[in-house]
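Working notes for the structure below.
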Amino acid sequence: EKGTYAHFMLKEIDEQPFVIRNIIQKYQDENDDIKLDQEVRNALNEADRLYIIAAGTSYHAGLVGKELMEKVAGKPVEVHIASEFMYNMPLLSDNPLFIFISQSGETADCRGVLVNVKEQGYKSLTITNVPGSTLSREADFTLHTYAGPEIAVASTKAYTAQMAVLSILAMDGARATGSSEEFNAIHELSIAANAMETLCDQKNIMEQIARDYLFDAQSCFFIGRAFDYHVVLEGALKLKEISYIQAEGFAGGELKHGTIALIEDGTPVVALSTQEHVDANIRGNVQEVAARGANTCVISTEDTQKEGDEVVLPKVHNNLTPLASVVPMQLISYYAALHRGCDVDKPRNLAKSVTVE
Ligand code: M6R
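Here UniProt numbering = 1-based position in the sequence shown + 243.
Pasting the structure below:
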């Protein structure tokens with residue numbers, strides 16, 4: 244039920260802090276350690292490489308998951324779009340573990356890959372919001388994202404829940420590999436949940452940004468670097484699927500290799516800068532597009548240099564910045580779609596779960 248909300252999407256955006264707190268509870272034992280099935284832990288630890296297979300928003304969560312697993316746990320990870328992997332399988336390592344990330348657990352493109360890798364005798368784990376789903380039943384192991392039913396076609400809370408579970412796996416993996424990247428995911432997730440709550444309370448700011456940048460826009464570019472690049476891909480997907488504005492996410496450094504040709508007077512460009520080591524670079528990109536007339540909007544953290552008005556995210560651990568930074572993008576997309584008269588929860592041509600190839 245939507246309750247007092249006009250749309251499920253807005254309700255589900257608001258539920259995110261509670262979902263993260265719920266995940267903390269479910270994945271924490273009485274000694275405040277990570278609670279994980281020993282079989283799942285063994286499968287993750289024994290694999291020499293993880294292959295994340297997913298589609299759409301879940302694929303974007305996978306990109307963040309790869310960074311976390313590699314950086315925190317020192318475990319090599321590849322992320323593949325399910326429909327691509329299906330017909331263009333890369334060389335595999337000696338002992339792979341396949342991880343399917345899927346909100347619905349019903350995505351046909353993922354299932355195709357699962358059937359295929361099972362036939363080849365490989366182990367599989369599904370990370371899903373629907374434990375009884377096809378992908379969950381057919382994989383060797385399942386991890387639940389505990390986000391509660393997600394009704395809006397545009398995925399919001401399932402995405403942040405997937406990333407939260409992946410961050411917990413990264414922390415668990417770090418213990419197994421003895422990685423020195425100390426990261427208490429459980430503790431940091433609770434701080435991230437508070438940050439998300441603060442951002443959910445800033446709806447008027449996000450609505451104003453949507454008004455200033457997107458109400459009449461024909462297109463919009465999202466730029467980011469490093470971790471932020473993955474999140475801007477998600478920001479662009481959110482905006483395009485519900486507002487029908489042509490939106491693309493780009494790696495900041497790629498602009499000059501082609502995309503900057505599209506910048507005209509007034510083109511909205513949303514830049515995400517949460518990573519100190521590339522802050523100067525992304526700000527350089529913002530200046531480049533602004534000099535060509537772009538209408539720029541910067542989302543940053545307290546740690547980065549400020550230039551004028553910016554959306555400043557509350558402080559969260561660097562590994563969890565996507566949990567916070569995606570919230571303004573979800574809200575901006577929501578208000579853009581709302582004011583353009585779009586059917587926010589049921590955008591045209593889309594289904595909640597894509598059960599055909
Ligand atoms: O249920 P799944 O996570 O497997 O779905 C994958 C995509 O179809 C899904 O994320 C889609 O991209 C959403 N509409 C994005 O908001």
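Backbone N, C-alpha and C define an ideal beta-carbon position, used for all residues, glycine too.
**Whether Met449 touches Pro571 by CB criterion (7 Å)** = yes
**Asked** Going by DSSP, what residues sit across from His323 in a beta bridge?
**Response** Ile296
**Prompt:** Do the segment 414 to 429 and the segment 311 to 319 touch if we need at least three Cβ pairs shorter than 8 Å?
**Reply:** yes
**Request:** Drop a sphere of 10 angstroms on the beta-carbon of Arg468, count the other beta-carbons inside from all chains shown, and report buried for 16 or more, exposed for fewer.
**Result:** Arg468 comes out buried.
**Prompt:** What's the C-alpha gap between Ala490 and Glu531?
**Reply:** For Ala490 and Glu531, the gap between their C-alpha atoms comes out near 19 Å.
**Asked** Under three-state DSSP, which class holds Pro571?
**Response** Residue state, collapsed to three classes: helix.
**Message:** Taking 7 Å as the threshold (C-beta atoms), are Leu293 and Leu340 in contact?
**Reply:** yes
**Request:** In the DSSP assignment, find the unbroken alpha helix (DSSP H) run with Val554 in it and report its ends.
**Result:** It is not in any alpha helix (DSSP H) - Val554 instead sits in the beta strand (DSSP E) that spans Val554 to Leu556.
**Request:** Using three-state DSSP, classify Thr420 as helix, strand or coil.
**Result:** helix
**Asked** Do the CB positions of Asn562 and Leu311 come within less than 7 Å of each other?
**Response** yes
**For Ser367, the first and last residue of its enclosing beta strand (DSSP E)** = Lys366 to Thr371
**Message:** Just to confirm before moving on: does the CB-CB distance between Leu556 and Thr544 stay below 7 Å?
**Reply:** The answer is yes: Cβ separation under 7 Å.
**Prompt:** Given 8 Å as the limit, is there contact between the segment 433 to 453 and the segment 285 to 292, that is, 3 or more CB pairs closer than that?
**Reply:** no
**8 Å CB neighbourhood of Cys443 in its chain, flanking five on each side removed** = Ile256, Asp257, Gln259, Pro260, Val570 and Leu574
**Boundaries of the alpha helix (DSSP H) in which Val529 is found, first to last residue** = Glu519 to Ala534
**Asked** Anyone know if the C-beta pair for Val373 and Gly348 falls short of 7 Å?
**Response** yes
**Asked** Do the segment 462 to 482 and the segment 428 to 435 make contact, defined as three or more Cβ pairs closer than 8 Å?
**Response** no
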